[in-house]
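Working notes for the structure below.
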Amino acid sequence: MSLKDRITEDMKAAMRAKESDRLLTIRMLLAAVKQKEVDERITVDDAGLVAIVDKLIKQRKDSIRQFGAAGRDDLVAKETAELAVLQAYLPERLSAEAVAEKVAAIVAELGASGPGDMGKVMAAAKAALGGVAEMSTVSAAVKAALAK
Numbered sequence: 002m003s004l005k006d007r008i009t010e011d012m013k014a015a016m017r018a019k020e021s022d023r024l025l026t027i028r029m030l031l032a033a034v035k036q037k038e039v040d041e042r043i044t045v046d047d048a049g050l051v052a053i054v055d056k057l058i059k060q061r062k063d064s065i066r067q068f069g070a071a072g073r074d075d076l077v078a079k080e081t082a083e084l085a086v087l088q089a090y091l092p093e094r095l096s097a098e099a100v101a102e103k104v105a106a107i108v109a110e111l112g113a114s115g116p117g118d119m120g121k122v123m124a125a126a127k128a129a130l131g132g133v134a135e136m137s138t139v140s141a142a143v144k145a146a147l148a149k
């Protein structure tokens, strides 16, 4: 079963269980997927879907931080609930150590030697670690590896 099919089945289950908050979050996710498909005239695969979920999670984390600073605990709770639903659709993430090891292997494979090669290494790392690691963690690992 593809990830998109699983999300659709979860939406149906949320409808049956009358879980309105969960249903709204899943519908928002499916709307983002549909928007991407229409805009780019493609069919989103699992990797593309994980990228969309990553983007939505990043938006929720930013909103939580901003609402927390503004003292809006009601909105923080709403965004946190959405974040929990979205995180269920991500594959298991690699630890920072595992990311550093993979980045070191990519740097060695490409023969990158300094900060000037950051773009080349990041492109390869994004292709290799796209769905299994946060890009901020990957970026930090690449900077550390190229600084040596």
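Residues 2 to 149 in the numbering used here are what the sequence shown lists, from first letter to last.
Backbone N, C-alpha and C fix where the C-beta goes; we use that ideal spot for every residue, glycine too.
{"Query": "Close Cβ partners of Val143 (< 7 angstroms) along its chain, the five nearest in sequence each way excluded", "Result": "Val104, Met119, Val122, Met123 and Ala126"}
{"Query": "Presumed contact (8 angstroms Cβ cut-off) between Val45 and Leu95, rounded CB distance", "Result": "That belief does not hold up - the Cβ atoms of Val45 and Leu95 are roughly 23 angstroms apart, past 8 angstroms."}
{"Query": "Range covered by the alpha helix (DSSP H) that runs through Arg17", "Result": "Leu4 to Arg17"}
{"Query": "Nearest residue (CA-CA) to Leu84, options Leu147, Arg42, Val54 and Met16", "Result": "Val54"}
{"Query": "Straight-line gap, Ala18 to Glu38 (C-alpha atoms, nearest Å)", "Result": "29 angstroms"}
{"Query": "Cβ-based burial, Ala14 [other Cβ within 10 Å; buried from 16]", "Result": "exposed"}
{"Query": "Start-end ranges of the alpha helix (DSSP H) lying completely within the region 60–93, minimum 4 residues", "Result": "74–88"}
{"Query": "Option nearest Ile8 by Cα separation, candidates Ala145, Gln88 and Glu102", "Result": "Gln88"}
{"Query": "Beta-carbon proximity check, Glu80 vs Ile58, cutoff 8 angstroms", "Result": "no"}
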